[in-house]
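One structure is given below, encoded as structure tokens.
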Ligand SMILES: Cc1cc2nc3c(=O)[nH]c(=O)nc-3n(C[C@H](O)[C@H](O)[C@H](O)COP(=O)(O)OP(=O)(O)OC[C@H]3O[C@@H](n4cnc5c(N)ncnc54)[C@H](O)[C@@H]3O)c2cc1C
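The structure is reproduced here in structure tokens:
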């Protein structure tokens, strides 16, 4: 973010009738710690002081900026459009430039530069999720970009995406050499890490798409979706192909779905922050779920633009594992109160976080990705 | 009594009372507590005006608050109780440093709807409280514009109210009982958890609106109302501001008590239209709400109000469309914020301020007041909107200025002063809902005369060392006159 833009945003907050604090409404880190310096308005104030130079950058300031999940709830309620979550991201970047990046993120950032994933895994094993015996064409109109979380941590899900696309009769393939989309770096203030830039990663991925002759890229990770659809163009790399999140593709190709099996079930849908609030995709997954026979979709009290985060975004799960589970637990309790048996989401990150937390606390709620849910009911 | 401990020692002492994790002393944690919006904006031009507290503490229970206060009074350390920090009159600025008690973690909510009441910790937010109550068919009505964020403790301490006050009253009308920690650490219960009581002085009422200057409220028992399931909203746009007033007076004169009766001026309408609405053009508008248990009654009341408005030449929107009504309502809450959109877009980012006026007037004087204030704005070259809760005589003026020079700040301050004095001269009060704090302290004596001396005596009785939220409400002898002026001079 350019300095002028950053100033404008901070001034918008500080100039509004009130620096009003309405952004305290639903802030996970405020709920966890209960203090201003870990709430959006307080962080905006710190940014104002940093920018003016009367607060020196420090590890403490960095910690306050990194203890935010970047869920964007504050952006959604801000009456002047100051967008605190974007300002916090920009502050992370500037703190990193001055040497105050928390080491945990730096280590992962460096790994992205070398091995193209933030999970400290070798690049060579990126495709280890591929179901054996699967043959995909060298060229196809559609490519599936699996992303790091599905490739390394939710391998089964990546396999299921491929299975679903196949069952739907869609002609698709994968990238020859898929690299991290860069989302991890952008969200943790590392527009540049060990010489690698997100811009460079974007260009690489786009070249790979070009080699496949594809007209469209589909991703199942909302973090990747935001990177491809919104961050790449902001960085001046315009993908000249269509970019879709899987829920959008499924919704468009609804006629190909045969998810007609299975008994009566009550489900609720969790909006991933990066798909919903940050990218405005709310209705497609709901349309899909409510069109399934036997499925009753019920909403949690906080849904769509004011849904509560799963607690894993913005590097928060990596940096604050225990606290992040507390955030997830609140969401799961809310889901359980709707009487739903299944919590459906459309993000490998949310899936992992919510499923593990449900298990850890014995909350007795099934957590699945929409892809898994559709496959279960296929036939 | 001993002198104020230095920071490390203070930190150690406090950690011993509430645990290390509930004490903050690093600059990065104190800074967000060092200013309100107004001051923070001024800091942009005058960076040295920071009022850092010595520590921020987040207590979990009453006994901890009590220990902190005992300790603070022993060492004469100021204590500033704090809710969500949404107050608008400089109530929270730690002018003498000290300990900020951020009560966010004391947020227990215990609905007792069988007794038609709810017991809450001071840090519970209005929104959370009402979520719990509405699930049970009840609500706590005085909904301020900051309802999403503000706390019940803050509401009690400022006697907050909102657009529903015409029908439902202010926070004071709902407070049944309070648990308060006094300056020396004594814990007292004021009032009983019953619907009514005639037993002794109503000391709880002394604490309603006391802005943290008399004690720390640690538990609140509120009366609750059955939630009205039927709601209707209508916007009536008039060719003149007078028309809007006349219609409002006629509605009230017919004996109707609407759930809300909000006035908006031409600029407010413009701001709403700039935020994406396509409302008819006009010089003034009323936003009307009717609510209740029975559809026919609610719709009948709304129809009568609409007729009254149309009789004064209004065009109405929203009658048939409740979704639009809800959106209008949300937009109304954001009027102040959207004001900045009315300014020509700047070449360079800049700070814009609002000097807010929040006076209360006899209903019969409102039109005169608004006319005179508008003339004043014109004369002084000040841009501002005028809106308010006409149903209860509450007029808000948000005037916008860019404080780039002492002259601009002075101009805005003088306008604010004139607008307040005008209200006082018409028999009004200087603040109907936002409170006095620091920014309005200079005018308190003009409104209360000798009664301010009584307030000061009460303050001395309850807080002999003057440690509770010092500098606010003109209680420390000489009102803290226009600090801003002094700052500019020093600059
Ligand atoms: C966008 C916006 C709209 C607003 N609209 C309205 C409106 O319509 N009506 C209205 O009345 N106000 C309104 N306000 C002002 C403000 O929201 C209210 O005054 C609110 O009640 C303050 O609550 P808080 O939790 O933020 O309190 P704070 O701002 O944290 O504190 C307010 C005062 O109460 C004291 N205090 C807080 N908690 C305690 C406690 N437990 N014990 C003792 N003292 C305590 C503090 O010391 C301070 O003096 C608005 C503010 C904003 C930002």
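Chains as they are written, first to last, in my numbering: chain A, 69 to 447; chain B, 10 to 500.
For each residue, glycine too, the CB sits at the ideal point set by N, CA and C.
Computed from a predicted structure; not experimentally measured.
Asked                                                                                                                                                                           : Found
Let me see if you follow: with CB-CB separation under 9 Å, is residue 163 of chain A close to chain B or not?                                                                   : no
Measuring only the C-alpha atoms, how far is residue 161 of chain B from residue 131 of chain B?                                                                                : 5 Å
What separation, rounded to the nearest whole angstrom, lies between the Cα atoms of residue 107 of chain B and residue 87 of chain B?                                          : 4 Å
Can you say whether residue 380 of chain A is buried or exposed, counting buried as having 16 or more other CB atoms within 10 angstroms of its CB?                             : buried
State the DSSP-derived secondary structure class of residue 122 of chain B, mapped to helix, strand or coil.                                                                    : helix
Are the Cβ atoms of residue 104 of chain A and residue 485 of chain B separated by less than 9 Å?                                                                               : no
Give the DSSP bridge partners of residue 239 of chain B, in chain order.                                                                                                        : B/301
I want to see whether chain B comes within less than 9 Å of residue 406 of chain A, judged by CB atoms only; does it?                                                           : no
Under 8 Å from any heavy atom of ligand 1, does the C-beta of residue 152 of chain A make it?                                                                                   : no
Pull up the distance between the alpha-carbon of residue 261 of chain B and that of residue 378 of chain B, whole angstroms please.                                             : 19 Å
Determine the closest residue to residue 430 of chain B out of B/480, B/451, B/216, B/337, with distance taken between C-alpha atoms.                                           : B/451
Take residue 176 of chain A as the anchor and find which of A/169, A/188, A/166 has the nearest alpha-carbon.                                                                   : A/188
Taking the straight line between their C-alpha atoms, what separation do you get for residue 468 of chain B and residue 81 of chain B?                                          : 17 Å
Taking 8 Å as the cut-off, is the CB of residue 156 of chain A close to at least one heavy atom of ligand 1?                                                                    : no
According to DSSP, simplified to helix, strand and coil, what is residue 395 of chain B?                                                                                        : strand
Assuming contact is defined by CB atoms lying nearer than 9 Å, are residue 313 of chain A and residue 422 of chain A in contact in what I supplied?                             : no
List the residues of chain B whose Cβ lies closer than 7 Å to the Cβ of residue 89 of chain A, in chain order.                                                                  : 93, 94, 95, 158
Keeping to the same chain, check which residues put their C-beta closer than 7 Å to that of residue 204 of chain A; ignore five residues upstream and five downstream.          : 241, 242
Run the CB neighbour count on residue 311 of chain B, radius 10 Å, all protein chains shown included, and call it buried at 16 or more, exposed below.                          : buried
Evaluate the contact criterion for the segment 195–203 of chain B versus the segment 34–44 of chain B: three or more CB pairs, one atom per stretch, below 8 Å.                 : no
Quick one: Cα of residue 482 of chain B to Cα of residue 465 of chain B, how far?                                                                                               : 10 Å
Quick check for students: name the residue ranges of the beta strand (DSSP E) that lie wholly in the segment 316–385 of chain A, counting only runs of 3 or more.               : 333–337, 363–366
Considering Cα atoms alone, identify which of A/433, A/227, A/387, A/291 is closest to residue 401 of chain A.                                                                  : A/433
Give the C-beta separation of residue 254 of chain A and residue 266 of chain A to the nearest angstrom, bearing in mind that I take them to be a contact with Cβ-Cβ under 8 Å. : 6 Å
Are the beta-carbon atoms belonging to residue 393 of chain B and residue 407 of chain B less than 9 Å from one another?                                                        : yes
Hey, would you say residue 408 of chain A sits closer than 9 Å to residue 366 of chain A, going by beta carbons?                                                                : yes
Let me check understanding here. Comparing Cα to Cα, which of A/143, A/125, A/135 lies closest to residue 93 of chain A?                                                        : A/143
What is the DSSP secondary structure of residue 82 of chain B, reduced to helix, strand or coil?                                                                                : helix
Who are residue 90 of chain B's beta bridge partners in DSSP?                                                                                                                   : B/110
Quick check: residue 153 of chain B and residue 171 of chain B, are their CB atoms within less than 9 Å of each other?                                                          : yes
For the alpha helix (DSSP H) holding residue 388 of chain A, just list the boundary residues, first then last.                                                                  : Run containing residue 388 of chain A: none; DSSP gives neither H nor E here.
Name, please, each residue of chain B whose Cβ falls closer than 9 Å to the Cβ of residue 400 of chain A.                                                                       : Those do not exist, as residue 400 of chain A stays about 18 Å from chain B at its closest Cβ, beyond 9 Å.
Going by the beta-carbon positions, is the gap between residue 371 of chain B and residue 291 of chain B smaller than 9 Å?                                                      : no
Distance check for residue 76 of chain A and residue 106 of chain A, CA to CA, integer angstroms please.                                                                        : 22 Å
Verify the contact flag: residue 340 of chain B, CB atom, against every heavy atom of ligand 1, threshold strictly below 8 Å.                                                   : no
Quick one: measure Cβ to Cβ for residue 329 of chain A and residue 446 of chain A, integer angstroms, because I've assumed they're closer than 8 Å.                             : 6 Å
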